[in-house]
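Participant: Residue numbers for the sequence shown follow my numbering, so the first one is 12 and each next one is one higher. Quick one: this structure, given as structure tokens, is what I'll be asking you about.
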Amino acid sequence: LIDVSKAKVIEETGSLGGSVSVTPALSSDTVAALEERQMIYSDSSKVTKGWVKHLSAGERAMGGATILGGIFSQTTYIPDSQPCSFVGESYLYALRYTTGTAWQLHVFDDPDPDANGDEVLEKVLIGKTASAGASLHVGDSPNRATLHATKNDSSNAAITQENLQGVESKEVGWREM
């Protein structure tokens, strides 16, 4: 397994900046080259068996994950250090399913749309209570979906995910009765 726990992806170029180590070395230090390596099945000397991402101390994956448009989405929760507290930090990850890293395009809103070459966010804070999981809604906008995470306090976090590959809601056929 390739450890992508410390991976940092730079917008547009997809540069990994040496944050992922693979043997034999990648053809270039980019998330695209990492994805290409993960998809090699014909050369047994280069086959990898997937990726692993170690979460922060105390962080736990919550509920089921979703995959849509090449993006693996998972909610996590870090409980407060106080034993009787019911709050903590709940996050939503959006990772490229083939690499376990952020992709070279922002999936979450770009924190600085005027800047190029910033680090692509792989997770966002969605609240202070745990989320049991997420559901996806594909509307009429191509290449985007809304992820709804219902939290334990009955509130809902709606996060728009963009730059999803091949995702659109449309009529695929019509039949007169």
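In this text, a Cβ means the ideal position worked out from N, Cα and C, and glycines have one as well. Note that the structure is predicted; figures quoted are calculated from it, not measured.
1. Which residue marks the beginning of the alpha helix (DSSP H) containing A43, and which one marks its end?
2. Please tell me whether G128 and M73 are closer than 9 Å, where the distance is taken between their beta carbons.
3. Please identify the residue among R71, A68, E47, L132 whose C-alpha is closest to the C-alpha of V58.
4. Alpha carbon to alpha carbon, what distance is there between D54 and Q93?
5. According to DSSP, is K60 helix, strand or coil?
6. Could you check if H148 is buried or exposed, using at least 16 other CB atoms within 10 Å of its CB as the buried criterion?
7. What's the gap between the Cα of I214 and the Cα of T34?
8. Pull up the DSSP beta-bridge partners for I13, would you.
9. With distances taken Cα to Cα, identify the nearest neighbour of V131 among H65, L106, S84.
Facilitator: Looking at the coordinates:
1. Per DSSP, A43 belongs to the alpha helix (DSSP H) from 42–49.
2. Contact check for G128 against M73 fails: the beta carbons are separated by 9 Å or more.
3. Of the candidates R71, A68, E47, L132, the one whose C-alpha sits nearest the C-alpha of V58 is E47.
4. Their Cα atoms are separated by approximately 51 Å.
5. K60 falls in the coil class under three-state DSSP.
6. Here H148 is exposed, its C-beta having fewer than 16 other C-beta atoms within 10 Å.
7. The structure shown does not extend to residue 214, since the chain is modelled only from 12 to 188, so the question has no answer here.
8. I13 is bridged by DSSP to W62.
9. Considering only H65, L106, S84, the residue with the shortest C-alpha distance to V131 is L106.
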